[in-house]
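Under the working numbering, the first residue of the sequence shown carries the number 158, and numbering increases by one thereafter.
Glycine is no exception: its CB is placed at the ideal position from the N, C-alpha and C atoms.
Worksheet for the structure shown next.
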Amino acid sequence: MKYGLVYCVALLAALMSAACATTDSVRVQAPIPPPTSRPSPDPRETEQNKPARLDIQANRVWGELEALVDRAGYRIDLSANQTRYRVGDELVISCRVPRDGYLNVFTADERDDRVVILFPNRYHQDNWVRAGTIVSIPGPGDRFLLKATPPAGRSLVVVFHTDTPINAYTQGQGSPADLFRTAPKSFVKLFEVEESATYGAASLVTYVDN
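What follows is the structure, encoded as structure tokens:
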């Protein structure tokens, strides 16, 4: 299958640049005079602070993805087999493209600033799709399942359809053996240069309950 994108090349790369820049940022506090007897840091406090920083980074990525979707020139039909899942439930993502082009499907977790490329993938590396085609992840005959995993929370699924050939999997980070790859830091720029009228998009949110 094939999918496209002309100016979309800048759209998704800027997205990841911002996400990564946030990943490297560190909150700086005013120096505090050391106590006479400086206690060892409580490891529990360290772990409590870490998720908060990840949430900030992930929220920025989430917002950038949704902004790209909002600017799209046309909509893609996107759905999931359900919206709420329990750990272990199987997920199926489906989308229908209105015209010939290149399809890329991503997912981002609210607690993680990484963006995972669901399609194309190791089993479907050609992401060009004909008009009217319904793409399901996993599709019939695929030798993998998408299962809800802990922790509980929200995940964002976004789809981009372009006239220009953009293949996030071939440009993603990972080895040839990886089923899914991670979008590179500059992936947002892949779509930022694209004019809104030349790409389609859609998004949905799924929930994993305890």
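Can you check which of these residues, Asn-367, Ser-360, Ala-309, Tyr-364, is closest to Ala-229 by C-alpha distance? Sequence index remark: in the sequence shown, residue 229 carries index 72 (1-based). Of Asn-367, Ser-360, Ala-309, Tyr-364, the residue nearest in Cα terms is Ser-360.
Inspect the CB distances between the stretch 228–245 and the stretch 272–280 and report whether three or more fall short of 8 Å. With a cut-off of 8 Å, the stretch 272–280 and the stretch 228–245 do not count as touching, because too few Cβ pairs lie within range.
Pairs of beta-carbons, one from the stretch 249–266 and one from the stretch 313–325, closer than 8 Å: are there three or more? yes
Host beta strand (DSSP E) of Tyr-259 (start-end): On the sequence shown, position 102 is the one that residue 259 refers to. Its beta strand (DSSP E) spans residues 258–266.
Do Leu-288 and Trp-219 have their C-beta atoms closer together than 7 Å? The sequence position of residue 288 within the sequence shown is 131, counting from 1. The sequence position of residue 219 within the sequence shown is 62, counting from 1. Per the sequence shown, residue 288 should be read as Ala rather than Leu. No, the Cβ-Cβ distance between Ala-288 and Trp-219 is not below 7 Å.
When the distance is taken between beta carbons, is Val-315 closer than 7 Å to Phe-263? Numbered from 1 along the sequence shown, position 106 holds the residue referred to as residue 263. Numbered from 1 along the sequence shown, position 158 holds the residue referred to as residue 315. It is a contact, given that the beta carbons lie within the stated cut-off.
What does the alpha-carbon distance come out to for the pair Pro-255 and Pro-295? Taking the sequence shown and counting its residues from 1, the one referred to as residue 255 is at position 98. Taking the sequence shown and counting its residues from 1, the one referred to as residue 295 is at position 138. Roughly 20 Å between the two C-alpha positions.
Measure the alpha-carbon distance for Val-292 versus Phe-317 and round it to whole angstroms. Here residue 292 refers to the residue found at position 135 when the sequence shown is read from its first residue. Here residue 317 refers to the residue found at position 160 when the sequence shown is read from its first residue. If you take the alpha carbons of Val-292 and Phe-317, they lie about 13 Å apart.
In angstroms, rounded to a whole number, what distance separates the CA positions of Leu-235 and Val-272? Numbered from its first residue, the sequence shown carries residue 235 at position 78. Numbered from its first residue, the sequence shown carries residue 272 at position 115. Distance between the alpha carbons of Leu-235 and Val-272: 18 Å.
How many Å lie between Ile-250 and Leu-225 at the Cα? Counting from 1 along the sequence shown, the entry for residue 250 is found at position 93. Counting from 1 along the sequence shown, the entry for residue 225 is found at position 68. So the two alpha carbons sit approximately 20 Å from each other.
Would you list the residues sitting across from Gly-357 in a DSSP beta bridge? For the purposes of this step, residue 357 is taken as the residue at position 200 of the sequence shown. Gly-357 is bridged to Tyr-231, His-318.
Ordered along the chain, which non-local residues of its own chain (more than five positions away) have a Cβ less than 8 Å from that of Val-362? To locate residue 362, count along the sequence shown from 1; it is residue 205. Same-chain partners within the cutoff: Thr-240, Arg-311, Ser-312, Leu-313, Val-314.
Apart from the five residues on each side of it in sequence, which residues of its chain come closer than 6 Å, Cβ to Cβ, to Asp-246? Mapped onto the sequence shown, residue 246 falls at position 89. Cβ within range, chain order: Ala-305.
Any idea if Gly-357 is buried or exposed, counting beta-carbon neighbours within 10 angstroms, 16 or more meaning buried? One-based indexing of the sequence shown puts residue 357 at position 200. Answer is buried; the Cβ neighbour count reaches 16.
Within 10 angstroms of its Cβ, does Asn-367 collect 16 or more other Cβ (buried), or is it exposed? Position 210 of the sequence shown holds residue 367. Asn-367 should be labelled exposed.
Taking the C-alpha atoms as reference points, what is the distance between Val-244 and Asn-216? On the sequence shown, position 87 is the one that residue 244 refers to. On the sequence shown, position 59 is the one that residue 216 refers to. One C-alpha to the other measures close to 23 Å.
Compare the Cα-Cα distances from Phe-337 to each of Phe-301, Arg-253, Val-365, Pro-297 and report the closest residue. Here the question's residue 337 lines up with position 180 in the sequence shown. Looking at Phe-301, Arg-253, Val-365, Pro-297, the one whose alpha-carbon comes closest to that of Phe-337 is Phe-301.
From Gln-328 to Ala-340, what distance separates their C-alpha atoms? Locating residue 328 in the sequence shown gives position 171, where the first residue counts as 1. Locating residue 340 in the sequence shown gives position 183, where the first residue counts as 1. C-alpha separation (whole angstroms): 8 Å.
Val-365: which of Thr-290, Leu-248, Glu-221 sits nearest, CA to CA? Along the sequence shown, read from residue 1 onward, the residue named residue 365 stands at position 208. Of Thr-290, Leu-248, Glu-221, the residue nearest in Cα terms is Leu-248.
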